[in-house]
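Numbering (our numbering), first residue to last: 449 to 591. Each residue gets a CB set at the ideal place from its N, CA and C atoms; glycine is no exception. Have a look at the structure below, then the notes.
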C-alpha cells in the first residue's frame, strides 16, 4: 500500500523567502517530528535518523535522502530510502498575483515493514502542519 498526501500553503511572502526554507535539507528535516536527528553530507545528500513509534521498529531508521530534481527557485524533489520505507517529497512554489506565493507539497510513502504505511496515513496531516508551522516561523523571524 502506498500513502500519498498533498497540501498547499499560501504565504504573504516573496517566493524567494519560501524557497530559502524549503530548498534547505536541514530546514525540511528539522520540521518533521519523527526525525530524531539528521546529518547533511558534503555531497548534498542527507541521512535522517527517524524514530517511528511502531512495534516492528525498536530503534531509529537511517533514511538516506537526496535531491533528485531542483529547479531553483520554484521546485525541489527529494527521495529518501531505508529498510522500512521509501519516501518521495516534492515542493513547488508559484507566485500569486498579490506578491505572495503558494507552496504545493506532495509526499508519497511506500512501506516495506508492517505498520509503516498506517503510521504515515494517521500522521501525515500533523507532519504537514509541523512543516507549515516551521516555515511560517522562519518567515516571521528577522534574517
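- Note down the Cα distance separating residue 556 from residue 566, rounded to an integer number of angstroms. Answer to the nearest angstrom: the Cα atoms are 13 angstroms apart.
Q. Which class does residue 436 belong to by DSSP, given the choice of helix, strand or coil?
A. Coverage of the chain is limited to positions 449 through 591, which leaves residue 436 absent and any answer about it impossible.
- prompt: Taking DSSP as the reference, what is the three-state secondary structure of residue 560?
  reply: DSSP places residue 560 in coil when its eight states are reduced to three.
Contact between the segment 529-546 and the segment 498-512 (3+ Cβ pairs under 8 angstroms): The segment 529-546 vs the segment 498-512: in contact.
Original post:
Per DSSP, residue 552 is paired with what?
Top reply: 456 and 540, per the DSSP bridge assignment.
task = Taking the CB atoms as reference points, tell me whether residue 459 and residue 559 lie closer together than 8 angstroms.
result = Contact flag unset, no.
Spell out the partners DSSP gives residue 529 in its beta bridges. Partner(s): 512 and 534.
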